[in-house]
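Novice:
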Amino acid sequence: MSPAGQLLLPALVLLPLLALLPASWHGGGFDLIGQFLVAAVQPSTDPALIAASLRGIAVTVAVALWSWLFSLLLGVIGGVLSAEVVSRTLWGCSWPALLLRRVLAIPRSLHELLWGLILLQLLGLHPAVAVLAIALPYGALFARVVAEQLDGLPRRNLEALQLTGAPAPAALLMALSPPLWPQLLSYGGYRLECALRSATLLGVFGLGGIGADLRLALQSLQFHEVWTSLWLLAAVMLALELVLARLRQRWQEPNRELLGGFAALLLLLLPASRWLELRWQVLFSPWQWPEVLPLWDPNGWLQDWPQLIGSTLLLTALAALLAVALLPLLLLLLGPGRWPRLLLSACGLLARLLPPPLTALLLLFVLQPGLLPAVLALGIHNAGILGRLGLEGLDALPPQPAQALRLAGGSPRQVLLMAGFNGIGRSYL
Numbered sequence: 041m042s043p044a045g046q047l048l049l050p051a052l053v054l055l056p057l058l059a060l061l062p063a064s065w066h067g068g069g070f071d072l073i074g075q076f077l078v079a080a081v082q083p084s085t086d087p088a089l090i091a092a093s094l095r096g097i098a099v100t101v102a103v104a105l106w107s108w109l110f111s112l113l114l115g116v117i118g119g120v121l122s123a124e125v126v127s128r129t130l131w132g133c134s135w136p137a138l139l140l141r142r143v144l145a146i147p148r149s150l151h152e153l154l155w156g157l158i159l160l161q162l163l164g165l166h167p168a169v170a171v172l173a174i175a176l177p178y179g180a181l182f183a184r185v186v187a188e189q190l191d192g193l194p195r196r197n198l199e200a201l202q203l204t205g206a207p208a209p210a211a212l213l214m215a216l217s218p219p220l221w222p223q224l225l226s227y228g229g230y231r232l233e234c235a236l237r238s239a240t241l242l243g244v245f246g247l248g249g250i251g252a253d254l255r256l257a258l259q260s261l262q263f264h265e266v267w268t269s270l271w272l273l274a275a276v277m278l279a280l281e282l283v284l285a286r287l288r289q290r291w292q293e294p295n296r297e298l299l300g301g302f303a304a305l306l307l308l309l310l311p312a313s314r315w316l317e318l319r320w321q322v323l324f325s326p327w328q329w330p331e332v333l334p335l336w337d338p339n340g341w342l343q344d345w346p347q348l349i350g351s352t353l354l355l356t357a358l359a360a361l362l363a364v365a366l367l368p369l370l371l372l373l374l375g376p377g378r379w380p381r382l383l384l385s386a387c388g389l390l391a392r393l394l395p396p397p398l399t400a401l402l403l404l405f406v407l408q409p410g411l412l413p414a415v416l417a418l419g420i421h422n423a424g425i426l427g428r429l430g431l432e433g434l435d436a437l438p439p440q441p442a443q444a445l446r447l448a449g450g451s452p453r454q455v456l457l458m459a460g461f462n463g464i465g466r467s468y469l
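FYI, in the working numbering the residues of the sequence shown are 41 to 469.
1) At a cut of 8 Å, does the segment 253 to 270 reach the segment 67 to 86 through at least three beta carbon pairs?
2) Using only alpha-carbon positions, find the residue among Leu-404, Ala-363 and Ala-448 that is nearest to Arg-392.
3) Curious, which full-length alpha helix (DSSP H) runs of at least 4 residues does the segment 437 to 469 contain?
4) Go through its chain and collect everything with a Cβ distance to Trp-65's Cβ below 7 Å, but skip five positions before and after it.
5) By the three-class DSSP mapping on this structure, what secondary structure does Leu-412 have?
6) Label Arg-231 either buried or exposed according to how many other C-beta atoms from any shown protein chain fall within 10 Å of its C-beta, with 16 as the threshold for buried.
7) Looking only at C-alpha atoms, which of Ile-174, Ala-59 and Arg-141 sits nearest to Leu-157?
8) Would Arg-142 be called buried (16 or more neighbouring beta carbons within 10 Å of its own) or exposed?
9) Got a sec, what are the start and stop residues for the alpha helix (DSSP H) Met-214 sits in?
10) Using three-state DSSP, classify Leu-407 as helix, strand or coil.
11) For the pair the segment 43 to 56 and the segment 353 to 373, tell me if three or more CB-CB distances fall below 8 Å.
12) Going by beta-carbon coordinates alone, are Val-244 and Pro-397 separated by less than 7 Å?
13) Determine, using beta carbons only, whether Gly-229 and Leu-284 come nearer to each other than 7 Å.
14) Name the DSSP bridge partner or partners of Trp-267?
15) Between the beta-carbon of Ala-235 and the beta-carbon of Ala-51, is there less than 7 Å?
16) Quick one: using the 10 Å Cβ neighbour count with 16 as the cut-off for buried, is Phe-263 buried or exposed?
17) Going by DSSP, what residue range makes up the alpha helix (DSSP H) through Phe-245?
18) If you follow the alpha helix (DSSP H) that Thr-352 is part of, which residue opens it and which one closes it?
19) Within the same chain, show all residues whose beta-carbon is closer than 7 Å to that of Ile-97, passing over the 5 residues directly before and after it, in chain order.
20) Inspect the beta-carbon positions of Gly-115 and Val-186 and report whether they are closer than 7 Å.
21) State the Cα-Cα distance for the pair Gln-202 and Ala-208, rounded to the nearest angstrom.
22) Closer than 7 Å by C-beta to Leu-434: which residues in its own chain qualify, once you throw out the five before and the five after it? Chain order, please.
23) Please go through the same chain and pick out, in chain order, the residues whose beta-carbon is closer than 8 Å to the beta-carbon of Thr-129, but skip the five residues on each side of it.
24) Using the Cα positions of Gln-343 and Ile-349, report the straight-line distance between them to the nearest angstrom.
25) How about Leu-457 and Ala-414: do their beta carbons lie closer than 7 Å?
26) Which residue wins for smallest C-alpha separation from Arg-378, given the options Pro-452, Pro-438 and Thr-240?
27) Are there 16 or more other CB atoms within 10 angstroms of the CB of Asp-71, so buried, or fewer, so exposed?
28) Look at the alpha carbon of Leu-181 and the alpha carbon of Tyr-468, and state the distance between them as a whole number of angstroms.
29) Please work out which residues of its chain come closer than 8 Å, Cβ to Cβ, to Leu-429, disregarding the five sequence neighbours upstream and downstream, and give them in chain order.
30) Does the distance from the C-beta atom of Gly-118 to that of Leu-144 stay below 7 Å?
As structure tokens, this is what we get:
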């Protein structure tokens, strides 16, 4: 099957979802959905609300910056130590790297929300909880990416340096760091955007920031206040995307502008620390361990775990397929013109802005509680993320294949299928 066919195949997930829709639909809050959409063009302009929203956004950005920095440090150190090429070069065996990879799979397997709940029990309500809750799983994930990139690099230069008698650490640094540099910067910039979304999500569950403001406003049906916060958050996200896009054009080599951009981000950590009132000594104070761990509670073990795990896997699979399917399907239906692209970009921004719990809350205005609202909320949010990456991939394709198809008389949709989807299919999937 061609890459374009593989790209469109996940759209079949819409068939079971549409089959579930009639039984789940109640439509009782359809008027509320209309009010929510109308409020988008009528946000509240109350100065006190705007000031409160800006304070919430400042907290969210501060959490995102600190957690991003720690995840980069953890990821680079863990990734280098868990790379087989590094382990073989330094110690002549690969088992230390493989062992560390297994250890790093533990923090990576827990969502940042679960880390937040665990650390909240141990440390209490403190800004460091939100920072560490994001940094730990993100750092473990970044370490896996770094290790895989290092192990996938050509080793001819490393072997040549070793033959000249260069020390192992110096040979590794000189041979592997230049090709690794642009990949690290690209992925590191993407993780900063993810950290901002995760900081918003943690705020929804009580760890402060703009997420808490969004949850309270949405629960009280103050849609005009919701959109005030959303538009301000959108401005921050767009500014971040523009800065990262600018840096992305220049990070093939560490020039002054690139290093200056990252230095500016690091300088923001100082006011961010003061704004959050971070006190890292809380990590070394006595932790609040629960008196009785619930591990041996028989009621916990007697739950229907196969059914719970199966439902979670089904939810994950359906949401992932929906997220992958939406951009190619909508592009094909709406056409590849400029205005459809702008519409999809705007919808994708809104999908990325709203954390999945708030999207699910909106969907519950018209759907019964169950699997379908959860699938739609997760799928729509991740479709916004994948959609932006997909559109960037289409823009980065060489223009020659598309021009040749147009000259041969191909329609815009045929050009999109054959030149666009075939070009990005494998990387997108």
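All residues carry an ideal CB built from backbone N, CA and C; glycine is no exception.
Specialist: Checking against the coordinates, here is how it stands:
1) yes
2) Ala-363
3) 440 to 447, 452 to 455 and 462 to 468
4) Val-406 and Leu-407
5) helix
6) By the neighbour-count criterion, in which a residue is buried when 16 or more other Cβ atoms sit within 10 angstroms of its Cβ, Arg-231 is buried.
7) Ile-174
8) It counts as exposed.
9) 208 to 242
10) strand
11) With the cut-off at 8 Å, the segment 43 to 56 and the segment 353 to 373 touch.
12) For Val-244 and Pro-397, yes; Cβs fall inside 7 Å.
13) yes
14) Partner(s): none; Trp-267 has no beta bridge.
15) In terms of Cβ geometry, Ala-235 and Ala-51 do not form a close pair [threshold 7 Å].
16) buried
17) Taken as a continuous stretch (DSSP letters only), Phe-245 belongs to no alpha helix (DSSP H), as it is neither H nor E.
18) Thr-352 -> alpha helix (DSSP H) spans 345 to 374.
19) Ile-250, Leu-272, Leu-273 and Val-276
20) yes
21) So the two alpha carbons sit approximately 7 Å from each other.
22) Gly-460 and Ile-464
23) Leu-198, Gln-202, Ala-208, Ala-211 and Leu-212
24) Each residue's alpha carbon lies about 11 Å from the other.
25) no
26) Pro-452
27) exposed
28) 19 Å
29) Tyr-468
30) The Cβ atoms of Gly-118 and Leu-144 lie closer than 7 Å to each other.
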